[in-house]
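Peer 1: In the working numbering, the protein residues as written are 21 to 305. Positions of the beta carbon are idealized from the N, C-alpha and C atoms, including for glycine.
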Amino acid sequence: MITPFSAMFVKLRKDAGFESPYDFYHKNGGAKVLQLSFVGYLKIEKGEILPQAKRLSLLIHLLRIKPGTEQVRGLLAAYIKTMVGDHEVFDSLFQPMMEGRRLEGSLSALSIKAAKVLSKERVQHLTPDQFHGVIQDPAGYWCLEVLTNDEGPWTIETLAKLLKMSKSEINAAMNNLKKHKLAKEKKKGEWISAFGCRHFTAPASLTYGEAERECLKKCWETARKNGINLMNRAIAIRASEADIRNYLEHIREALDTAAVYASFDRTPDSQMFLIHTQAHKLFPL
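Below, the structure written as structure tokens:
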């Protein structure tokens, strides 16, 4: 039986780029992450069961939608409406509590454009296995970045020259990408992305830990050594942690807007950029 929650969830799942229940379940790590079987997950999509609140939080995280957005508000409203079962009770009791300032009203024009750029047509979600395989080796990570940002084709020699790495490193990286179904040979010796020019995204952060974050840092540091630093800014302040965590949402939004400028077309001044933000909690004062 289709419920308000199951209908809304299926819509958001498709909007996020997961065309089928199978895609969403397996690309997000399957039973290991969702802590339920595929049959159990299908019951959620079909409206046969309503997930517990703890699992709802996980599902929202795996949809890659931000807290406080219209999508989350809509899904939560559908969840409560399904749980209550009486639309009149929901409309009179719960709906007024959910009215308020909508986050979209505060989003900049760039943020809205960025969301369109990172729509499902331009994003490829990596499975946990693919992600773990790619980040173990900086050569593989940056080869995938090149292949997914430029249609190529690319040879081992041109990739080695571009990334300032040895041909043996690149060759091993390409074979690893092929093994994980992320790269393929258009013809002998000419490599392209297995899914065309798309921004690849990591699995939801709940599926990996500190070891994977360290691998990512190593990948970024490898490229930074050969790049040119365009900007450094820092500030040290004493403040409420709650205020700073709220402020970090603005930083996150600002970083995401860089997607507006992303292009898969080569131009006279096109370059590859790494824009990386950090915030550190130091000590109580």
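Secondary structure at residue 145, three-state DSSP: helix, strand or coil?
Peer 2: On the sequence shown, residue 145 is found 125 positions in, with the first residue counted as 1. Residue 145 carries a strand assignment under DSSP once its states are collapsed to helix, strand and coil.
Peer 1: Can you give, in chain order, each stretch of the beta strand (DSSP E) that sits fully within the stretch 168-229 and has at least 3 residues?
Peer 2: 203-207, 210-213 and 219-221
Peer 1: On a CA-only basis, which of 59, 152, 222 and 180 is nearest residue 82? Give me that one, please.
Peer 2: Translated into positions along the sequence shown, residue 82 becomes position 62. Cα-wise, what sits closest to residue 82 is 222.
Peer 1: Let's see if you can read the secondary structure: which residues bound the alpha helix (DSSP H) around residue 298?
Peer 2: For the purposes of this step, residue 298 is taken as residue 278 along the sequence shown, with counting starting at 1. Premise fails: residue 298 is in no alpha helix (DSSP H) and is neither H nor E.
Peer 1: How big is the Cα-Cα spacing for residue 305 and residue 268?
Peer 2: Residue 305 sits at position 285 when you count from the first residue of the sequence shown. Residue 268 sits at position 248 when you count from the first residue of the sequence shown. Taking the Cα positions, residue 305 is about 20 angstroms away from residue 268.
Peer 1: Can you tell me whether DSSP reads residue 277 as helix, strand or coil?
Peer 2: Taking the sequence shown and counting its residues from 1, one reaches residue 277 at position 257. Residue state, collapsed to three classes: helix.
Peer 1: Could you spell out the range, first to last residue, of the alpha helix (DSSP H) harbouring residue 102?
Peer 2: By one-based count along the sequence shown, residue 102 stands at place 82. Start and end: 90-104.
Peer 1: In whole angstroms, what separates the C-alpha of residue 94 from that of residue 302?
Peer 2: As a first step, residue 94 is located in the sequence shown; it is residue number 74 there, counting from the start. As a first step, residue 302 is located in the sequence shown; it is residue number 282 there, counting from the start. Cα to Cα, residue 94 sits roughly 37 angstroms from residue 302.
Peer 1: Decide if the stretch 143-159 is in contact with the stretch 257-267; the criterion is three or more beta carbon pairs, one per stretch, under 8 angstroms apart.
Peer 2: no
Peer 1: Can you give the beta carbon distance from residue 239 to residue 155, rounded, assuming they're within the 8 angstroms contact cut?
Peer 2: Working through the sequence shown from its first residue, we reach residue 239 at position 219. Working through the sequence shown from its first residue, we reach residue 155 at position 135. At roughly 6 angstroms, the Cβ-Cβ gap stays under 8 angstroms, so residue 239 and residue 155 are in contact.
Peer 1: Let me know the secondary structure DSSP gives residue 28 once reduced to three states.
Peer 2: Within the sequence shown, residue 28 is the residue found at index 8, counting from 1. Correct three-state label for residue 28: helix.
Peer 1: Suppose contacts are defined by Cβ-Cβ distances below 8 angstroms. Is residue 211 in contact with residue 167 by that definition?
Peer 2: Walking along the sequence shown from the start, residue 211 turns up at place 191. Walking along the sequence shown from the start, residue 167 turns up at place 147. If you check the CB distance, residue 211 and residue 167 come in under 8 angstroms.
Peer 1: Out of curiosity, what's the CA-to-CA distance linking residue 299 and residue 253?
Peer 2: Your numbering for residue 299 matches position 279 in the sequence shown. Your numbering for residue 253 matches position 233 in the sequence shown. Rounded to whole angstroms, residue 299 to residue 253 spans 12 angstroms at the Cα level.
Peer 1: What is the rounded straight-line gap between the Cα of residue 21 and the Cα of residue 59?
Peer 2: Within the sequence shown, the letter at position 1 stands for residue 21. Within the sequence shown, the letter at position 39 stands for residue 59. Those two C-alpha atoms are separated by around 15 angstroms.
Peer 1: Could you check the C-alpha separation between residue 280 and residue 165 for me, to the nearest Å?
Peer 2: Counting from 1 along the sequence shown, the entry for residue 280 is found at position 260. Counting from 1 along the sequence shown, the entry for residue 165 is found at position 145. Answer to the nearest angstrom: the Cα atoms are 17 angstroms apart.
Peer 1: Residue 54 and residue 61 look like a contact to me (Cβ under 8 angstroms); what is the Cβ gap, rounded to whole Å?
Peer 2: Your numbering for residue 54 matches position 34 in the sequence shown. Your numbering for residue 61 matches position 41 in the sequence shown. Confirmed, about 6 angstroms.
Peer 1: Within the continuous alpha helix (DSSP H) that includes residue 73, where are the two ends?
Peer 2: Counting from 1 along the sequence shown, the entry for residue 73 is found at position 53. Start and end: 73-82.
Peer 1: So, under 8 angstroms CB-CB, residue 25 and residue 147 are touching, yes? Tell me the CB distance rounded to an integer number of Å.
Peer 2: The residue labelled residue 25 in the question sits at position 5 within the sequence shown. The residue labelled residue 147 in the question sits at position 127 within the sequence shown. Their Cβ separation, rounded to whole angstroms, is 26 angstroms, which puts residue 25 and residue 147 out of contact at 8 angstroms.
Peer 1: Given residue 73, which residues of its chain have a CB within under 8 angstroms of its CB, disregarding the five upstream and five downstream residues?
Peer 2: Within the sequence shown, the letter at position 53 stands for residue 73. None.
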